[in-house]
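First to last, the protein sequences are chains A and B.
Adding 329 to a residue's 1-based position in the first sequence gives its number in the working numbering.
Adding 329 to a residue's 1-based position in the second sequence gives its number in the working numbering.
Reading through the C-alpha cells given below for one structure.
2 protein chains.
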Amino acid sequence: MDLALDGKGFLYEQIARALKVAILEGRLTAGSRLPSTRLLSRTLQVSRKSVLEAYDLLCAEQLAVALVGSGTRVADFNSRLISPTRAARVKPPSKFVTRMRNLPPIALAGYVRPEAQFKYDLVYGEPIIRPALLNSWRRKMSAASLRAGPFYPTAGGYLPLRRAISDHLARRHVVICDPANVLIVGGTQQALSLVARVLLDEGDIAVVEDPCYQMAMQCLSSHGAQLVRVSTDAQGLEVRKLPSRATKLVHVTPSHQFPGGSVMSLARKMELLHWARKTGAWIFEDNYDAEFHSGGRPDPALCTLDLAEQTIYAGSFSKTLFPSLRLGYIVCPVGLRNDLFKAKLLDDLGSPTIEQAALATFIHSRQYERHLRKSIDELTRRRRALHVSFKQLLGSEVDIGPCRRGMHAIVWLKNLSYEQLDLLVKQAASAGLGIYPVHPYFEARPSRPGLLIGYAGISAGQIGTAAEILARCIKKVRK
Amino acid sequence: MDLALDGKGFLYEQIARALKVAILEGRLTAGSRLPSTRLLSRTLQVSRKSVLEAYDLLCAEQLAVALVGSGTRVADFNSRLISPTRAARVKPPSKFVTRMRNLPPIALAGYVRPEAQFKYDLVYGEPIIRPALLNSWRRKMSAASLRAGPFYPTAGGYLPLRRAISDHLARRHVVICDPANVLIVGGTQQALSLVARVLLDEGDIAVVEDPCYQMAMQCLSSHGAQLVRVSTDAQGLEVRKLPSRATKLVHVTPSHQFPGGSVMSLARKMELLHWARKTGAWIFEDNYDAEFHSGGRPDPALCTLDLAEQTIYAGSFSKTLFPSLRLGYIVCPVGLRNDLFKAKLLDDLGSPTIEQAALATFIHSRQYERHLRKSIDELTRRRRALHVSFKQLLGSEVDIGPCRRGMHAIVWLKNLSYEQLDLLVKQAASAGLGIYPVHPYFEARPSRPGLLIGYAGISAGQIGTAAEILARCIKKVRK
Chain A
330 MDLALDGKGF
340 LYEQIARALK
350 VAILEGRLTA
360 GSRLPSTRLL
370 SRTLQVSRKS
380 VLEAYDLLCA
390 EQLAVALVGS
400 GTRVADFNSR
410 LISPTRAARV
420 KPPSKFVTRM
430 RNLPPIALAG
440 YVRPEAQFKY
450 DLVYGEPIIR
460 PALLNSWRRK
470 MSAASLRAGP
480 FYPTAGGYLP
490 LRRAISDHLA
500 RRHVVICDPA
510 NVLIVGGTQQ
520 ALSLVARVLL
530 DEGDIAVVED
540 PCYQMAMQCL
550 SSHGAQLVRV
560 STDAQGLEVR
570 KLPSRATKLV
580 HVTPSHQFPG
590 GSVMSLARKM
600 ELLHWARKTG
610 AWIFEDNYDA
620 EFHSGGRPDP
630 ALCTLDLAEQ
640 TIYAGSFSKT
650 LFPSLRLGYI
660 VCPVGLRNDL
670 FKAKLLDDLG
680 SPTIEQAALA
690 TFIHSRQYER
700 HLRKSIDELT
710 RRRRALHVSF
720 KQLLGSEVDI
730 GPCRRGMHAI
740 VWLKNLSYEQ
750 LDLLVKQAAS
760 AGLGIYPVHP
770 YFEARPSRPG
780 LLIGYAGISA
790 GQIGTAAEIL
800 ARCIKKVRK
Chain B
330 MDLALDGKGF
340 LYEQIARALK
350 VAILEGRLTA
360 GSRLPSTRLL
370 SRTLQVSRKS
380 VLEAYDLLCA
390 EQLAVALVGS
400 GTRVADFNSR
410 LISPTRAARV
420 KPPSKFVTRM
430 RNLPPIALAG
440 YVRPEAQFKY
450 DLVYGEPIIR
460 PALLNSWRRK
470 MSAASLRAGP
480 FYPTAGGYLP
490 LRRAISDHLA
500 RRHVVICDPA
510 NVLIVGGTQQ
520 ALSLVARVLL
530 DEGDIAVVED
540 PCYQMAMQCL
550 SSHGAQLVRV
560 STDAQGLEVR
570 KLPSRATKLV
580 HVTPSHQFPG
590 GSVMSLARKM
600 ELLHWARKTG
610 AWIFEDNYDA
620 EFHSGGRPDP
630 ALCTLDLAEQ
640 TIYAGSFSKT
650 LFPSLRLGYI
660 VCPVGLRNDL
670 FKAKLLDDLG
680 SPTIEQAALA
690 TFIHSRQYER
700 HLRKSIDELT
710 RRRRALHVSF
720 KQLLGSEVDI
730 GPCRRGMHAI
740 VWLKNLSYEQ
750 LDLLVKQAAS
760 AGLGIYPVHP
770 YFEARPSRPG
780 LLIGYAGISA
790 GQIGTAAEIL
800 ARCIKKVRK
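Set out below in C-alpha cells:
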C-alpha cells in the first residue's frame with residue numbers, strides 16, 4: 330500500500346490523513362482490514378506508537394473500527410459511495426466571477442499594498458500618521474470595548490455614531506441629515522458595492538469620471554454595469570458629454586476629482602442635477618477626502634442642492650483618520666433608504682460595534698475636528714513643499730496638476746515617453762523612491778506620462794529629498 | 330414670499346436653507362434681488378443678525394452674490410437649469426431590491442434585536458457573557474491598536490490571524506488548511522453573501538435545510554437563488570431527497586443542525602459528498618457553533634472528507650466570542666479561492682485590522698481555547714438546568730428536541746394550538762419572559778407549535794425561574 334505523508338502537523342496525524350485519503354479514494358475498501366501496526370510502522374519507518382495513535386484517530390473519526398483481538402478495520406461504509414464511476418464537472422461559478430476575472434489588473438496604490446518597501450514612498454492612500462492620534466485612538470478603543478456591548482450590532486450602525494456623524498456634518502456645514510438616514514458601512518468600497526447591488530442589473534449603464542478611482546470601476550463592472558467614461562475638465566465632470574441613453578448611476582467626486590484634482594464648480598453641479606432630474610439617473614457623490622477642505626465653508630455638496638433626492642452621499646474615515654479602521658457612511662436618499670439598510674443587513678449584519686463606539690466618542694468629543702485641523706495644516710505644508718521642491722528641482726521637466734486640497738496630485742512628465750516612464754519607475758525604485766504611474770486611472774493613455782503622487786505618507790522634509798531623487802532619475806533616463 | 334423654516338440647526342442656517350430651496354425650486358429666479366434683510370427679519374419675526382448671517386452663508390455657498398450698496402442677489406444661474414419642465418421618474422432599483430422587498434419578514438432573534446427588554450430572555454443569538462473575557466478583550470484591543478498599523482488591511486485578512494486560525498483548527502482536529510486559503514470575513518453572513526455572489530446567477534437552485542437559519546435563506550434568495558428546502562432527520566439533511574436537477578449550492582449545518590439540533594452522521598456526510606461529486610454541486614458547510622463541541626475529538630468536518638474540494642467551510646466567532654466583533658472566516662476550496670478573495674476586496678477592501686490583530690493574539694496565546702473550555706462547561710450546566718427544570722415543571726407539556734451541544738434547543742409545546750402560542754408569547758412577555766416561536770424557521774408550520782430557546786444569555790439559575798414562569802403561562806393559556 331502506497332501512503333504519502335504530507336508533512337503537516339504531527340506524524341500520527343499525517344499517517345491518519347494518508348489512510349483517510351486511501352479510504353475515501355476506495356484504495357482501502359470498506360470493511361477491509363488495515364495493515365497491522367507493526368507492519369505499517371516498518372513500511373513507513375515510523376514508531377509503532379505513531380501508527381497506534383493514527384489508528385485511534387481514525388476510529389475517533391468513525392472511519393475505522395477497532396476490534397478486540399483482530400486489529401482495526403475500515404468502517405463498513407456503503408461502498409457504492411466511494412469513488413463514483415464518473416465525477417461530474419463541478420458547477421461553474423457565477424457571471425459575477427466571469428466579470429471579475431475579466432477586470433483589468435489593479436495598479437498599485439495604498440489600498441492594494443505594494444510588496445516593496447521604499448525609503449521614500451509617494452504612494453497614494455497612505456494615511457497621515459500622527460502618533461498622538463494613534464495613542465488617543467487606543468484609549469478610545471479601550472473604553473469602547475467595555476461600553477459597546479457584545480451583542481449583535483444594529484445592522485444600520487451604532488446609533489450614537491450615526492448621531493455624531495449627523496451632528497458633525499451639520500456643524501461643518503456639509504449636509505443636514507437625519508441620523509435615521511445615516512447608514513454605517515465598511516468604507517466607501519462597501520458603500521459603492523451596496524449601491525451597486527441596490528441599483529444595478531446586468532447591462533445597466535453606469536457613468537464614471539475619466540480619470541476615475543479604479544476600485545469604483547472594478548466594483549461597478551463586477552456588478553454587471555456597462556461603464557461609460559465621461560471626461561473631466563477644470564470644472565469637474567463634463568456634464569454635456571453625459572449619454573442621453575438610459576443611465577442608471579453616475580459616480581462622481583465633486584469635492585475633489587480623483588485623481589484629476591479639480592473641484593466641481595457650482596454651475597457644473599447645477600447642470601448635473603438638472604440632467605439627473607431630466608433623466609431620472611441616480612448620483613453617487615463620493616466625498617472620499619472632502620473633509621480635508623481647508624479655510625471657510627466647504628462648497629455645497631451635490632446632495633444639499635438636490636431637492637429631488639437622487640443623490641447618495643458617501644463619506645469615509647479612511648483618509649481623515651486611517652484606512653485600517655474600515656468605517657464610512659452613506660447619507661441615504663429617502664427613496665433608497667430601506668433598501669440600502671436591508672442590503673447592509675444581508676451583506677454582513679452590520680459593522681463591528683467597538684470601533685463604531687470609539688469613533689462616536691472621538692467625533693462627539695470634537696477630537697476628530699481637532700485632528701482634522703491639524704491634518705489639514707500638515708497637508709498644506711506638504712503641498713507647499715511639493716510645489717516648491719518640484720518647481721525648483723524639476724521645473725522644466727514637470728507640470729503639477731490641480732493641487733489645492735486633499736493628499737494627492739498628478740505630476741505630468743513633460744519630456745518623457747511611456748517607455749522612459751517604465752525605466753524611471755525602476756530607476757526610482759532602485760534609488761529607494763516609490764513612484765506610481767497615473768495612466769491606469771484613465772480610459773486612454775494621456776499623451777504624456779504622469780505620476781499619481783500621494784503626500785500623506787511622507788513628511789514635508791522628505792518630499793524635497795524625493796524630488797531630488799526623482800530629478801536625478803529623470804536625468805539618467807533621458808540620457 | 331413663503332419661507333418655511335425646518336427647525337434643524339441654527340436659525341440662520343434654517344433661513345439660508347429655506348432660501349436655497351426657493352432658489353433651487355425657481356421661486357427666487359436667477360439674478361433677482363433678495364428681500365432686504367430688514368424686511369425679511371420682520372416677515373419671519375427673527376433678528377436681523379440671523380438674516381444677515383443667512384445671506385452670508387448663501388454667498389459663501391455661491392448661491393447668492395452680495396453687491397456693495399445694492400443688497401444681495403440670487404446668483405446668475407443658467408435659469409434653464411432650474412425646474413425642468415418635467416422631471417423624469419427616477420430609475421427603478423435593481424432586481425436584487427425587488428427580491429429583497431419580497432422576502433418574508435424576519436422573526437426576532439439575537440441578530441435582529443427585539444426592542445422589548447425582558448427580565449428573562451430566551452432569545453437565540455445572545456453570546457455567553459463572561460466579564461473576564463470582555464476585560465481581557467479590552468486589553469488585547471488596546472495593545473492591537475498600536476501594533477496593527479493604520480494602513481489599508483490586506484483584503485484577504487491579517488496574515489497573523491489567518492495563521493492563528495489555521496493552527497487552531499489543526500490543533501483542535503477540525504481542518505488542516507493552508508493560511509493562504511483562509512479568508513477573513515465579517516462573520517458567517519458575509520461568508521455566505523460572498524459565496525452567493527461567486528456562485529449564484531438568477532434562477533440557480535440552492536438547497537437549504539428544513540428547518541433553516543432565516544438569514545441564510547434571505548441572503549441566498551436576494552441573490553436570485555431559487556430555494557429548494559430539503560428536510561432533516563435525526564441524522565441531518567435527508568440526502569436522498571436532494572433534487573436530481575442542477576443544484577448549484579447546498580447550505581448545510583452538519584455539526585449542529587440549525588435550529589433542529591441534530592448532528593449529521595458520518596454515513597450521511599459520505600452520502601452528501603457522493604451526491605455532490607455526482608452532480609458537481611458546491612457545499613457551504615456552516616459551522617456557526619462547531620467549536621462548542623465538548624469532549625473528545627469533533628466529528629470530521631465535511632471539508633476534511635471531501636477530496637474533490639467542493640466544500641466551502643465557514644466558521645464564525647460570533648457564537649464562541651461575541652457577535653459585535655463581526656469576524657469569521659472561510660476555508661476556501663482551491664477552485665474558488667481567488668474568486669472569493671477578489672469578491673472580498675471588491676466588497677469592502679478587507680475587515681478592520683485592529684480587531685483582527687487582537688483576535689490573532691487571543692487565539693495564539695491560547696486564551697481562546699481556555700475561553701472555549703469555560704464556555705462549554707457553562708453551556709453544559711445550563712443545558713442540564715434546562716433539561717431538569719423543563720422536565721420537572723413542564724414534563725407533560727413539552728418535548729425537548731435534540732440538545733447535546735451549542736446554545737439552543739427546540740422545545741415543542743405538546744398540548745397547544747398556534748392560536749394559543751400567540752397568546753402564550755404575550756402572556757410570557759407581560760410576565761417578563763421573552764420566548765420565540767420556532768415555526769418561522771420551517772417551510773411549513775410543524776403540526777405542533779414550538780419555541781426556539783437560546784440559553785447562552787441566561788444563567789443556569791435563571792433557567793429554572795424561566796421554566797416556572799413558562800409553566801404558569803401555559804396553564805393560564807390552556808384555561
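Every residue gets a Cβ at the ideal spot worked out from N, C-alpha and C, and that includes glycine.
Test item: CB-CB of ALA714(A) and ILE792(A) under 8 Å: Judged by beta-carbon spacing, ILE792(A) lies within the 8 Å limit of ALA714(A), meaning their Cβ atoms are closer than that value.
Of all Cβ atoms in chain B, is any one closer than 8 Å to the Cβ of GLY516(A)? When Cβ-Cβ separations below 8 Å define contact, GLY516(A) makes contact with chain B.
Taking three-plus beta-carbon pairs below 8 Å as touching, is the stretch 728–746 of chain B in contact with the stretch 625–633 of chain B? Contact between the stretch 728–746 of chain B and the stretch 625–633 of chain B is absent: fewer than three C-beta pairs spanning the two stretches fall below 8 Å.
Quick check: the Cα distance between GLY565(B) and VAL740(B), rounded to an integer number of angstroms? Rounded to the nearest whole angstrom, the C-alpha separation of GLY565(B) and VAL740(B) is 18 Å.
Could you pull out every unbroken alpha helix (DSSP H) segment of at least 4 residues lying fully inside the stretch 713–769 of chain B, listed in chain order? Taking only runs of at least 4 residues, the alpha helix (DSSP H) segments lying wholly in the stretch 713–769 of chain B are 747–759.
Helix, strand or coil at GLY793(B) [DSSP, three-state]: GLY793(B) sits in a helix when the DSSP states are folded into three classes.
Assign ASP809(B) to buried or exposed, taking buried as 16 or more other Cβ atoms, counted over all protein chains shown, within 10 Å of its Cβ. It is not possible to answer for residue 809(B), since the shown part of chain B is limited to 330 through 808.
8 Å Cβ cutoff met for ASP618(B) and GLY515(B): Against a cut-off of 8 Å, the Cβ pair of GLY515(B) and ASP618(B) comes out as no contact.
Just checking: is the beta-carbon of GLN555(A) within a distance shorter than 8 Å of some beta-carbon in chain B? At a cut-off of 8 Å, the C-beta of GLN555(A) has no neighbouring C-beta in chain B.
Using a beta-carbon distance cut-off of less than 7 Å, what residues from the stretch 493–510 of chain B approach chain A? The stretch 493–510 of chain B vs chain A, Cβ under 7 Å: ALA499 and ILE505.
Does the stretch 450–457 of chain A touch the stretch 679–687 of chain B, meaning 3 or more C-beta pairs lie closer than 8 Å? Flag = no, the stretch 679–687 of chain B and the stretch 450–457 of chain A do not touch.
Say whether the stretch 648–656 of chain B touches the stretch 453–468 of chain B, bearing in mind that this needs 3 or more beta-carbon pairs closer than 8 Å, one atom from each stretch. Contact between the stretch 648–656 of chain B and the stretch 453–468 of chain B is present, because at least three Cβ pairs lie under 8 Å.
Cα-Cα separation between CYS388(A) and PRO583(B), rounded to whole angstroms: Cα to Cα, CYS388(A) sits roughly 19 Å from PRO583(B).
Is it true that the stretch 595–613 of chain B meets the stretch 414–433 of chain A, where meeting means three or more beta-carbon pairs spaced less than 8 Å apart? Cβ pair count under 8 Å is three or more, so yes.
Could you check what DSSP says for VAL403(B) in three-state terms: helix, strand or coil? The answer is strand: DSSP assigns VAL403(B) an E or B state.
When DSSP builds the beta bridges, which residues end up paired with THR640(B)? ILE612(B).
Cα separation between LEU523(B) and LEU512(B)? Distance between the alpha carbons of LEU523(B) and LEU512(B) is about 11 Å.
For a contact defined as C-beta to C-beta under 7 Å, what are the partners of ALA535(A) on chain B? Residues of chain B passing the Cβ test: none, with the nearest at roughly 11 Å.
Beta-carbon within less than 7 Å of SER376(A)'s beta-carbon, same chain only, minus the 5 sequence neighbours each way: which residues are those? If you ignore the 5 residues before and after SER376(A), its C-beta comes within less than 7 Å of the C-beta of SER370, all in its own chain and listed in chain order.
According to DSSP, is THR517(A) part of a helix, a strand, or is it coil? Reduced to three states, the DSSP call for THR517(A) is helix.
Cα-Cα separation, ARG801(A) to VAL727(A): Taking the straight line joining both Cα atoms gives about 13 Å.
Where does ALA575(A) fall in DSSP's three states? In the structure shown, ALA575(A) sits in coil (DSSP, three-state: anything other than H, G, I, E or B).
Return no unless some Cβ of chain A is closer than 8 Å to the Cβ of GLU684(B). Nearest CB-CB separation between GLU684(B) and chain A: below the 8 Å threshold.
Amino acids of chain A, ordered along the chain, whose beta-carbon sits closer than 7 Å to that of ASP668(B): In chain order: PRO422, VAL426 and MET429.
Three-state class that DSSP yields for HIS497(A) in the structure shown: Residue state, collapsed to three classes: helix.
Starting from GLU382(B), trace the alpha helix (DSSP H) both ways and give me its first and last residue. Segment 377–389, the alpha helix (DSSP H) holding GLU382(B).
Say whether the stretch 691–701 of chain B touches the stretch 660–679 of chain B, bearing in mind that this needs 3 or more beta-carbon pairs closer than 8 Å, one atom from each stretch. The stretch 691–701 of chain B, when compared against the stretch 660–679 of chain B, does not touch it at the 8 Å Cβ threshold.
Please tell me whether ARG467(B) and LEU475(A) are closer than 8 Å, where the distance is taken between their beta carbons. Taking 8 Å as the Cβ cut-off, ARG467(B) and LEU475(A) qualify as a contacting pair.
So VAL660(A) and ASN510(A) are supposed to be a Cβ contact under 8 Å. How far apart are they, rounded? Taking 8 Å as the upper bound for CB-CB distance, VAL660(A) and ASN510(A) are in contact here, some 6 Å apart.
Can you tell me where the beta strand (DSSP E) with ALA417(A) in it begins and where it stops? Unbroken run through ALA417(A): none, as it is neither H nor E.
Could you pull out every unbroken beta strand (DSSP E) segment of at least 3 residues lying fully inside the stretch 634–680 of chain A, listed in chain order? Counting whole runs of 3 or more residues, the stretch 634–680 of chain A contains the beta strand (DSSP E) stretches 640–645 and 657–660.
Between the Cα of LEU334(B) and the Cα atoms of VAL380(B), LYS577(B) and PRO422(B), which residue gives the shortest distance? With distances taken between Cα atoms, LEU334(B) lies closest to VAL380(B).
Give the secondary structure of TYR449(A) by DSSP, where H, G and I count as helix, E and B as strand, and everything else as coil. DSSP, reduced to helix, strand and coil, places TYR449(A) within a strand of the structure shown.
For ARG428(A), which three-state DSSP category applies? Helix, per DSSP.
Who are GLY565(A)'s beta bridge partners in DSSP? The secondary-structure analysis by DSSP pairs GLY565(A) across a beta bridge with ASP562(A).
Any idea if GLN374(B) is buried or exposed, counting beta-carbon neighbours within 10 angstroms, 16 or more meaning buried? Residue burial is scored here from C-beta neighbours: GLN374(B) has fewer than 16 other C-beta atoms within 10 angstroms and is therefore classed as exposed.
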